[in-house]
Amino acid sequence: MTVSLKVLSLLLSYPSDELQQAAPELRAALAGEGLLDAAAHPGVYALIDQLAGRELLDLQERYVLLFDRTRSLSLHLFEHVHGESRDRGQALVDLQALYAEHGLVVEAKELPDYLPLFLEFLSTRPLGEARGLLAQPLHVLTALRERLVKRGSDYAAVFAALEALADGAASAEDLAAARAEPDDDPTDLAALDRDWEEAAVTFGPGLGGPGDAGAGQEGCPKAEAMLKQMGADAAAAAPRSR
Numbered sequence: 005m006t007v008s009l010k011v012l013s014l015l016l017s018y019p020s021d022e023l024q025q026a027a028p029e030l031r032a033a034l035a036g037e038g039l040l041d042a043a044a045h046p047g048v049y050a051l052i053d054q055l056a057g058r059e060l061l062d063l064q065e066r067y068v069l070l071f072d073r074t075r076s077l078s079l080h081l082f083e084h085v086h087g088e089s090r091d092r093g094q095a096l097v098d099l100q101a102l103y104a105e106h107g108l109v110v111e112a113k114e115l116p117d118y119l120p121l122f123l124e125f126l127s128t129r130p131l132g133e134a135r136g137l138l139a140q141p142l143h144v145l146t147a148l149r150e151r152l153v154k155r156g157s158d159y160a161a162v163f164a165a166l167e168a169l170a171d172g173a174a175s176a177e178d179l180a181a182a183r184a185e186p187d188d189d190p191t192d193l194a195a196l197d198r199d200w201e202e203a204a205v206t207f208g209p210g211l212g213g214p215g216d217a218g219a220g221q222e223g224c225p226k227a228e229a230m231l232k233q234m235g236a237d238a239a240a241a242a243p244r245s246r
């Protein structure tokens with residue numbers, strides 16, 4: 005179990021009271037495992053402090069504005085690669101099959117390409133394998149970090165940490181394509197209306213999607229259940245005295 009990947013997954017999940025209360029445990033878990041690059045610590049710790057210290061409603065409003073209402077910051081990875089095309093549907097099916105092969109059951113209302121869910125899966129895999137899989141969407145992670153930096157968002161630190169963990173480099177072609185995605189402004193209502201005037205795409209049974217009941221915030225991984233495991237995982241990761 006790679007505790008740091010689970011912590012980063014939680015930090016990208018919808019803010020909750022449980023997440024705020026667990027902030028000291030998240031810090032301790034990262035420090036205990038010692039996996040993150042030293043350069044990533046200040047930014048990630050600053051985000052944890054923000055999540056712990058700000059009003060929950062403010063945090064939730066900020067999260068929705070960034071990741072739900074800003075299409076270019078969507079946490080659904082394949083949306084940045086395939087848009088809403090049917091190619092994304094097949095990619096989702098393939099990713100869900102990978103999860104199932106390794107025993108991770110995805111609820112119907114959760115799309116497999118949701119980044120916190122992907123990181124939760126990676127946290128259960130051997131570190132070398134997880135780092136290799138993390139490199140596959142590296143171009144998307146880099147583009148998301150750059151957009152968050154432009155907005156002055158503390159969430160950029162999580163993406164910087166993921167880039168450092170990934171085993172590999174994004175190709176120049178893939179990175180150029182990711183950076184070319186229009187960076188929309190969620191306060192431009194006319195532009196939002198134009199962007200979302202598309203036919204709904206059916207991803208197939210068990211994959212949720214825009215038309216499924218419960219899609220949206222309820223589709224997040226179960227942060228409470230993940231948080232309950234943090235204490236045990238952190239203890240397992242900590243060095244044992246002889």
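Here the sequence shown stands for residues 5 to 246, numbered as in the numbering used here.
Beta carbons are placed, not taken as given, at the ideal position from N, Cα and C, and that holds for glycine.
For clarity, every value in this text was computed on a predicted model and none was experimentally measured.
Measuring CA to CA, which of the options is closest to residue i?
{"i": "Arg-183", "options": "His-143, Gln-100, Arg-92 and Pro-46", "result": "His-143"}
{"i": "Gln-64", "options": "Ala-176, Asp-21, Glu-105 and Phe-122", "result": "Asp-21"}
{"i": "Ser-8", "options": "Thr-74, Leu-23, Gln-54 and Asp-41", "result": "Asp-41"}
{"i": "Gly-47", "options": "Gln-94, Ser-157, Thr-74 and Tyr-67", "result": "Ser-157"}
{"i": "Pro-141", "options": "Leu-60, Pro-130, Ala-181 and Arg-129", "result": "Ala-181"}
{"i": "Tyr-18", "options": "Glu-83, Gly-38, Leu-61 and Tyr-67", "result": "Tyr-67"}
{"i": "Gly-57", "options": "Asp-72, Gly-38, Pro-28 and Phe-125", "result": "Pro-28"}
{"i": "Asp-62", "options": "Pro-130, Asp-178, Lys-10 and Gln-24", "result": "Gln-24"}
{"i": "Lys-10", "options": "His-84, Glu-59, Leu-121 and Ala-147", "result": "Leu-121"}
{"i": "Glu-177", "options": "Val-85, Gly-38 and Leu-34", "result": "Val-85"}
Residue j and residue i - do their beta-carbons sit closer together than 8 Å?
{"i": "Val-109", "j": "Leu-16", "result": "no"}
{"i": "Leu-81", "j": "Asp-117", "result": "yes"}
{"i": "Met-5", "j": "Ser-127", "result": "yes"}
{"i": "Leu-119", "j": "Leu-55", "result": "no"}
{"i": "Ala-164", "j": "Arg-149", "result": "yes"}
{"i": "Leu-145", "j": "Leu-166", "result": "yes"}
{"i": "Leu-96", "j": "Leu-115", "result": "yes"}
{"i": "Glu-83", "j": "Arg-92", "result": "yes"}
Within the same chain, show all residues whose beta-carbon is closer than 7 Å to that of residue i, passing over the 5 residues directly before and after it, in chain order.
{"i": "Ser-76", "result": "Arg-151, Glu-185, Pro-186, Asp-187 and Asp-188"}
{"i": "Ala-44", "result": "Ala-161, Ala-164, Ala-165 and Ala-168"}
{"i": "Phe-125", "result": "Tyr-103 and Leu-108"}
{"i": "Leu-12", "result": "Leu-123, Val-162, Ala-165 and Leu-166"}
For residue i, which residues in the same chain have their Cβ closer than 8 Å to its Cβ, ignoring the five residues on either side in sequence?
{"i": "Leu-171", "result": "With the sequence shown as reference, residue 171 is identified as Asp, and Leu is not the correct amino acid for it. The residues are Gly-132, Arg-135, Gly-136, Leu-138 and Ala-139."}
{"i": "Arg-155", "result": "Leu-70"}
{"i": "Arg-31", "result": "Tyr-49 and Ile-52"}
{"i": "Leu-60", "result": "Pro-19, Ser-20, Asp-21 and Gln-24"}
List the endpoints of the continuous alpha helix (DSSP H) containing residue i.
{"i": "Arg-183", "result": "176-183"}
{"i": "Thr-146", "result": "142-154"}
{"i": "Leu-14", "result": "7-15"}
{"i": "Asp-189", "result": "Here Asp-189 belongs to no alpha helix (DSSP H), and DSSP marks it neither H nor E."}
{"i": "Asp-171", "result": "Segment: none, Asp-171 is in no alpha helix (DSSP H) and carries neither H nor E."}
{"i": "Asp-21", "result": "21-25"}
Identify, in the order they occur along the chain, each residue of the same chain with its Cβ nearer than 6 Å to the Cβ of residue i, setting aside the five sequence neighbours on each side.
{"i": "His-106", "result": "none"}
{"i": "Val-153", "result": "Ala-160"}
{"i": "Glu-111", "result": "none"}
{"i": "Ala-173", "result": "none"}
{"i": "Leu-39", "result": "Ser-8"}
Where are the alpha helix (DSSP H) runs, 4 residues long or more, that stay fully inside the stretch 36-102, in chain order? Secondary structure within the stretch 36-102: the alpha helix (DSSP H) runs of 4 or more consecutive residues, fully enclosed, are 45-57, 60-67 and 83-86 (chain order).
What ranges does the alpha helix (DSSP H) occupy inside the stretch 101-135, keeping only unbroken runs of at least 4 residues that lie completely in it? Within the stretch 101-135, the complete alpha helix (DSSP H) segments at least 4 residues long are 119-127, listed from N- to C-terminus.
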